[in-house]
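Visitor:
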Amino acid sequence: MKRIFTKAFIAIALFGALATTGQTVVAKWTFPTGTPSDSLADGGIPANLTKAIHTEGGTSAIDFSKNGLTTKAAQATGWDNGAMTKSWVIGISTVNFDHLKLSSKQQSGGNNPGPRDFVVRYRIGTGGTWKDVPGTTIVTANNWTNGVLDSIPLPDTCANQSSLWLQWVMTSDTNSVGALVTSAGIDKIDDIYITGKQVMSAVNNSVPATVCIYPNPVRGELIIESSEPVVSVSLLNAGGMTVLNQNMHESTRQVVNTTSLPAGLYIVKILQRSGRMVTRKIVIG
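The opening residue of the sequence shown carries number 1 in my numbering; numbering runs sequentially from there.
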């Protein structure tokens, strides 16, 4: 009973802290199920719920079944010879959010110690240049307390971006016990949170959103024309289940292919760059 009360108190305190500071979860990965679906963000704004964590530089495939701090974590091996090339990576939208903050936890393997030294870098868009996030030097150990980042401010240029990339890149080939990282060396990452303050002035709800969808009914290509650039489009079936998610290259005219979907009534959810969500009903014939 005492443990349940303590967890509830911590959860309430965390919620209260976020409410007090006006911080909203923009994206989070807590790996709650231990299955490959945990690669997708399990919380945040709609535009980020289809975003997936991955590694770059040639590590092993990610294993989501290993223990994390509270539930599970993302684990990879194959970090050998990876200084400044091997990393954990996520890409998210921060449209309509500023004052961004980053939190995460990393752990090195015990019997198979993984890389000790990391730093977080950011990049705007896929063609941008990676730059260090100040204050994100990470030194891992075989615990969940050493390799922790707690509400580190992200640079102002990360705010209100349709494509923000973050990477936790290893900065040396030294493992957590001072030797060289081997291919069996383990690194885990858990409890990734990006929070921010919503830019309320970015959406003027007194001005109706102009969105035109045609043809309706449709069989094949659905055309979406919007008064402002579209970030993502989702289709929900009559049961409320999301059956299609499509992230867009921001444009005021988008095309969605519906040929793979059964006939029926659907809800189209359109996220505009301002952060406004527009919904429409369509019939697929």
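Just so it is clear, CB atoms sit at the ideal spot from N, CA and C, and this is done for glycine as well.
Within 10 Å of its beta-carbon, does Arg219 have 16 or more other beta-carbons around it, so buried, or fewer, so exposed?
Guide: Numbered from its first residue, the sequence shown carries residue 219 at position 219. Counting Cβ neighbours within 10 Å, Arg219 comes out exposed, since fewer than 16 surround it.
Visitor: Secondary structure at Asp190, three-state DSSP: helix, strand or coil?
Guide: By one-based count along the sequence shown, residue 190 stands at place 190. The answer is strand: DSSP assigns Asp190 an E or B state.
Visitor: Flag this pair as yes or no: are the beta carbons of Ser232 and Asn216 separated by less than 8 Å?
Guide: For the purposes of this step, residue 232 is taken as the residue at position 232 of the sequence shown. For the purposes of this step, residue 216 is taken as the residue at position 216 of the sequence shown. In this structure, Asn216 does not lie closer than 8 Å to Ser232 by Cβ.
Visitor: Considering Cα atoms alone, identify which of Gly78, Cys158, Gly44 is closest to Leu180.
Guide: As a working mapping, residue 180 is identified with position 180 in the sequence shown. Closest option to Leu180, Cα to Cα, is Gly78.
Visitor: Have a look at Ser288 and Lys66 and give me their C-alpha separation to the nearest angstrom.
Guide: For the chain, the structure presents residues 1 to 285; residue 288 sits outside this window and is missing.
Visitor: Assuming Leu271 contacts Ala47 under a Cβ cut-off of 8 Å, what Cβ separation, rounded to an integer in Å, is found between them?
Guide: Locating residue 271 in the sequence shown gives position 271, where the first residue counts as 1. Locating residue 47 in the sequence shown gives position 47, where the first residue counts as 1. Right, the Cβ-Cβ distance comes to about 5 Å (below 8 Å), so this counts as a contact.
Visitor: Just to check my reading of the structure: Gln106 and Ile194 have Cβ atoms closer than 8 Å, yes? What is that Cβ distance to the nearest angstrom?
Guide: Along the sequence shown, read from residue 1 onward, the residue named residue 106 stands at position 106. Along the sequence shown, read from residue 1 onward, the residue named residue 194 stands at position 194. About 16 Å separates the two Cβ atoms, so there is no contact after all.
Visitor: My guess is that Phe64 and Gly34 are in contact by the Cβ rule of under 8 Å, so how many angstroms apart are they, rounded?
Guide: Here the question's residue 64 lines up with position 64 in the sequence shown. Here the question's residue 34 lines up with position 34 in the sequence shown. At roughly 6 Å, the Cβ-Cβ gap stays under 8 Å, so Phe64 and Gly34 are in contact.
Visitor: Compute the Euclidean distance between the alpha carbons of Asp191 and Gly285, then round it to the nearest angstrom.
Guide: The sequence position of residue 191 within the sequence shown is 191, counting from 1. The sequence position of residue 285 within the sequence shown is 285, counting from 1. So the alpha carbons of these two residues sit roughly 43 Å apart.
Visitor: CA-CA distance, Leu222 and Thr259?
Guide: Looking up residue 222 in the sequence shown gives position 222. Looking up residue 259 in the sequence shown gives position 259. Cα to Cα, the separation comes out at about 10 Å.
Visitor: Buried or exposed for Ser104, please, with buried defined as at least 16 other CB atoms from any protein chain shown within 10 angstroms of its CB.
Guide: Position 104 of the sequence shown, counted from the start, is the residue given in the question as residue 104. Ser104 comes out buried.
Visitor: Could you give the first and the last residue of the continuous beta strand (DSSP E) run that contains Asn48?
Guide: Position 48 of the sequence shown, counting from 1, holds the residue named residue 48. Asn48 -> no beta strand (DSSP E), and no H or E assigned at all.
Visitor: Quick check on the DSSP output: the beta strand (DSSP E) that includes Met277 runs from which residue to which?
Guide: Within the sequence shown, residue 277 is the residue found at index 277, counting from 1. From DSSP, the beta strand (DSSP E) with Met277 extends over 277 to 284.
Visitor: Out of Pro262, Thr279, Pro229, point me to the one whose CA is closest to Gln161's CA.
Guide: Position 161 of the sequence shown, counted from the start, is the residue given in the question as residue 161. If we check each option's Cα against that of Gln161, Pro229 comes out closest.
Visitor: Return the Cβ separation of Ser176 and Pro113 in integer angstroms, given the expectation that the two are a contact with Cβ distance under 8 Å.
Guide: For the purposes of this step, residue 176 is taken as residue 176 along the sequence shown, with counting starting at 1. For the purposes of this step, residue 113 is taken as residue 113 along the sequence shown, with counting starting at 1. Rounded, the Cβ-Cβ distance is 4 Å, consistent with contact.
Visitor: Could you check the C-alpha separation between Thr145 and Val139 for me, to the nearest Å?
Guide: Here the question's residue 145 lines up with position 145 in the sequence shown. Here the question's residue 139 lines up with position 139 in the sequence shown. The alpha-carbon atoms of Thr145 and Val139 are separated by roughly 10 Å.
Visitor: Do the CB positions of Val199 and Asn81 come within less than 8 Å of each other?
Guide: Your numbering for residue 199 matches position 199 in the sequence shown. Your numbering for residue 81 matches position 81 in the sequence shown. Their beta carbons are not under 8 Å apart, which means Val199 does not touch Asn81 by this criterion.
Visitor: So His99 and Gly196 are supposed to be a Cβ contact under 8 Å. How far apart are they, rounded?
Guide: Residue 99 sits at position 99 when you count from the first residue of the sequence shown. Residue 196 sits at position 196 when you count from the first residue of the sequence shown. Right, the Cβ-Cβ distance comes to about 6 Å (below 8 Å), so this counts as a contact.
Visitor: In chain order, what residues of the same chain have a beta carbon less than 6 Å from the beta carbon of Leu49, not counting five sequence neighbours either side?
Guide: In the sequence shown, counting from the first residue as 1, residue 49 sits at position 49. The answer, listed in chain order, is Ala41.
Visitor: Indicate, with yes or no, if the ligand MG has a heavy atom lying under 7 Å from the CB of His54.
Guide: Annotation note on the ligand MG: not contained in the displayed structure, which lists no ligands.
Visitor: Three-state secondary structure (DSSP) at Pro32?
Guide: The residue labelled residue 32 in the question sits at position 32 within the sequence shown. In this structure, Pro32 counts as coil in the three-state DSSP scheme.
Visitor: How many angstroms separate the CA atom of Lys269 from the CA atom of Thr24?
Guide: If you number the sequence shown from 1, residue 269 lands on position 269. If you number the sequence shown from 1, residue 24 lands on position 24. When rounded, the distance between both Cα atoms is 21 Å.
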